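Numbering (this note's numbering), first residue to last: 200 to 328.
Here's the structure, in structure tokens; my notes come after.
Following this line, the structure appears as structure tokens:
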């Protein structure tokens, strides 16, 4: 859907209840962010919850990586799983490469490496912003 009206309050992702923002924004600005067309995320599909729950008992990075290889997800029929599997692999790759803690990375690198798979989660959801 086309964007009818854009607001600066939608130009960034923040948790307005985080006290960190009190040093960066006025109370009025934080209030505007809370009030201006808040969006509710759609519920997580049961199929995706079931898939993710298969990872909950894994204790090591290798066990998590192995779990990602146990299922092939159908692109056309299982959008959420087809998104989740490579996203989990990307996140595990960051752990394997000692990417964390986030101390020496540039903002551009974090956007490219982390936010890319988060942004793809909603490729099949029509949001009216």
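Built from N, CA and C at the ideal position, the CB exists for glycine as well.
These numbers come from a predicted model, not from an experiment.
(Q) Spatial neighbours of residue 297 within its chain, please: C-beta separation below 7 Å, excluding the five flanking residues on both sides. (A) Against the chain shown, residue 297 aligns to sequence position 98. Within the same chain, residue 297 has no close Cβ partners at all.
Q: Take every Cβ of the region 212-220, pair it with every Cβ of the region 241-248, and state whether three or more of those distances are shorter than 8 Å.
A: Counting C-beta pairs closer than 8 Å gives fewer than three between the region 212-220 and the region 241-248, which falls short of the contact rule.
Q: Pull up the distance between the alpha-carbon of residue 238 and that of residue 277, whole angstroms please.
A: Here residue 238 is taken as the residue at index 39 of the chain shown, counted from 1. Here residue 277 is taken as the residue at index 78 of the chain shown, counted from 1. Approximately 24 Å, taken between the alpha carbons.
Q) Going by alpha carbons, who is nearest to residue 271 out of 240, 264, 281? A) Here residue 271 is taken as the residue at index 72 of the chain shown, counted from 1. The residue with the shortest Cα to Cα distance from residue 271 is 281.
Q | Assigned secondary structure, residue 316 (DSSP; H/G/I helix, E/B strand, else coil) | A | What you label residue 316 is simply residue 117 of the chain shown in a count that begins at 1. Correct three-state label for residue 316: helix.
Q. What's the C-alpha gap between residue 307 and residue 256?
A. Position 108 of the chain shown, counted from the first residue, corresponds to residue 307. Position 57 of the chain shown, counted from the first residue, corresponds to residue 256. Computed Cα separation, rounded: 33 Å.
Q: Taking all protein chains shown into account, decide if residue 305 is buried (16 or more other Cβ within 10 angstroms of its Cβ) or exposed.
A: On the chain shown, residue 305 is found 106 positions in, with the first residue counted as 1. Its Cβ having fewer than 16 others within 10 Å, residue 305 is exposed.
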